[in-house]
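Participant: Could you have a look at this structure, given as C-alpha cells, before my questions?
In our numbering, the protein residues as written are 13 to 244.
Here it is as C-alpha cells:
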C-alpha cells in the first residue's frame with residue numbers, strides 16, 4: 013500500500029484505493045513468497061527451540077560442557093534469526109516494489125542495505141526511539157483514561173484488575189500500530205532509494221514524488237553532476 017501510494021501521480025492522490033489494490037495483488041501474486049519467507053523463519057525458530065530442548069536434556073544429565081556448547085549454538089541461531097527477520101522484511105518490500113520472487117528480492121534488499129548502510133542505520137535508530145515513545149504514550153494514555161472511566165462508573169470497586177487489562181490492551185494495540193508505522197517508514201525509504209538510484213524524480217502534478225521528498229531527490233540528483241564538474 014505504501015509503495016502504491018508513493019508511486020501514485022500527485023494529481024491522482026486520494027482517488028485510488030491503494031490498500032484494496034495492495035491486498036488484491038498480495039493474494040493474487042505474492043502469497044507464495046509470503047508463505048515461503050514465513051516458513052524459513054519458522055524453520056530457524058524450530059531449530060532454536062530444538063537446541064533449547066537438547067540443552068535441558070544435557071542439564072538434566074549434568075553435562076556442563078554440552079550445555080555450554082548448546083547455549084553458544086542457541087545464541088548464534090538467535091542472531092541469525094534476527095538478521096533473517098530483518099532481511100525478510102526488506103525482501104517483502106522489494107517484492108512489493110519489483111514483483112520479484114523471494115530469493116531475488118532478498119538478494120536485492122541485501123545489496124541495497126549494503127549500499128545505504130548509514131541511512132538504514134539512522135532510520136533504525138530513529139524508528140526504534142519513536143516506536144518506544146509511541147508504545148509508552150499509547151499504553152500510558154490507555155491506562156490513565158481507563159482508570160478515570162472505571163472509577164467514574166464504579167467508584168466503589170477497586171480498579172487494579174481493570175487497569176492491568178487496560179495496560180495489556182494498550183500495549184498490544186500500540187505494538188501493532190507502531191509495527192505498521194515502522195514497516196511504512198522502511199517502505200518509503202526503499203521507494204526513495206529506488207527513485208534515487210534509477211534517476212526517477214518526477215515532480216509536479218504529473219509526477220509522483222511526494223512534496224516533502226522532492227528537495228532530497230533534487231539534491232541527490234545534483235551530486236553526480238557536481239562531482240563531474242569538479243573532476244573536470
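Cβ coordinates follow ideal geometry from the N, Cα and C atoms, glycine included.
Once DSSP output is grouped into helix, strand and coil, what is the label at residue 198?
Facilitator: Counted from its first residue, the chain shown places residue 198 at position 186. Helix.
Participant: Flag this pair as touching only if the segment 82-100 and the segment 55-72 have three or more C-beta atom pairs under 8 Å; answer yes or no.
Facilitator: Flag = yes, the segment 82-100 and the segment 55-72 touch.
Participant: Which term fits residue 35, buried or exposed, when burial requires 16 or more other beta carbons within 10 angstroms of its beta carbon?
Facilitator: Taking the first residue of the chain shown as position 1, residue 35 is located at position 23. So residue 35 ends up on the exposed side.
Participant: May I have a chain-ordered list of the beta strand (DSSP E) segments no shorter than 3 residues that lie completely inside the segment 32-107?
Facilitator: For the segment 32-107, not a single whole beta strand (DSSP E) run of length 3 or above is found.
Participant: Measure from the alpha carbon of residue 100 to the alpha carbon of each residue in 140, 53, 179, then state which is nearest.
Facilitator: For the purposes of this step, residue 100 is taken as the residue at position 88 of the chain shown. Selected option, being the one with the closest Cα: 53.
Participant: Using the Cβ count rule (16 or more neighbours within 10 Å means buried), how would you classify residue 186?
Facilitator: Residue 186 sits at position 174 when you count from the first residue of the chain shown. Residue 186 comes out buried.
Participant: Residue range of the alpha helix (DSSP H) that residue 170 falls in?
Facilitator: Residue mapping note: residue 170 aligns to position 158 of the chain shown, counting from 1. Element bounds for residue 170: n/a, residue is neither H nor E.
Participant: Pop quiz: residue 111 and residue 41 are said to be a contact at Cβ under 8 Å. What is the actual Cβ separation, rounded to whole angstroms?
Facilitator: Numbered from its first residue, the chain shown carries residue 111 at position 99. Numbered from its first residue, the chain shown carries residue 41 at position 29. Yes, residue 111 and residue 41 are in contact; Cβ-Cβ is about 7 Å, under 8 Å.
Participant: Just the Cα atoms here: how many angstroms apart are residue 8 and residue 157?
Facilitator: Residue 8 cannot be examined here, being either before or after the span of the chain that is shown, 13 to 244.
Participant: For the alpha helix (DSSP H) containing residue 151, list its first residue and its last residue.
Facilitator: Taking the chain shown and counting its residues from 1, the one referred to as residue 151 is at position 139. Residue 151 -> alpha helix (DSSP H) spans 129-165.
Participant: Taking the straight line between their C-alpha atoms, what separation do you get for residue 159 and residue 149?
Facilitator: Here the question's residue 159 lines up with position 147 in the chain shown. Here the question's residue 149 lines up with position 137 in the chain shown. Each residue's alpha carbon lies about 15 Å from the other.
Participant: Going by beta carbon distance, what residues of the same chain come within less than 7 Å of residue 147, once the five residues before and after it are set aside?
Facilitator: Residue mapping note: residue 147 aligns to position 135 of the chain shown, counting from 1. The residues are 183, 186, 187, 190.
Participant: Am I right that residue 103 and residue 121 are in contact with their C-beta atoms under 8 Å? What's the rounded C-beta distance?
Facilitator: Translated into positions along the chain shown, residue 103 becomes position 91. Translated into positions along the chain shown, residue 121 becomes position 109. Between residue 121 and residue 103 the Cβ distance is about 5 Å, and since that is below 8 Å, they are a contact.
Participant: Do you know how far the Cα of residue 46 is from the Cα of residue 55?
Facilitator: Start at 1 with the first residue of the chain shown, and residue 55 comes out as number 43. Start at 1 with the first residue of the chain shown, and residue 46 comes out as number 34. Computed Cα separation, rounded: 14 Å.
Participant: Quick check on residue 49: buried or exposed, where buried means 16 or more other Cβ atoms within 10 Å of its Cβ?
Facilitator: Position 37 of the chain shown holds residue 49. With 16 or more Cβ atoms within 10 Å of its Cβ, residue 49 is classed as buried.
Participant: Leaving out five residues before and five after residue 131 in sequence, what residues of the same chain have Cβ atoms less than 8 Å from its Cβ?
Facilitator: Position 119 of the chain shown, counting from 1, holds the residue named residue 131. Contacts found: 201, 205.
Participant: If you reduce the DSSP assignment to three classes, tell me which class residue 111 lands in.
Facilitator: Along the chain shown, one-based indexing puts residue 111 at 99. Here residue 111 sits in coil by DSSP.
Participant: So is the beta-carbon of residue 53 under 7 Å away from any non-hydrogen atom of the ligand FAD?
Facilitator: By its list of ligands, the structure shown contains no ligand whatsoever, and the ligand FAD lies outside what it can speak to.
Participant: Kindly indicate which residue of 171, 172, 143, 44 has the alpha-carbon position closest to the one of residue 194.
Facilitator: Within the chain shown, the letter at position 182 stands for residue 194. Among 171, 172, 143, 44, the Cα nearest to that of residue 194 belongs to 143.
Participant: Label residue 65 either buried or exposed according to how many other C-beta atoms from any shown protein chain fall within 10 Å of its C-beta, with 16 as the threshold for buried.
Facilitator: By 1-based counting over the chain shown, the position of residue 65 is 53. Under this definition residue 65 is an exposed residue.
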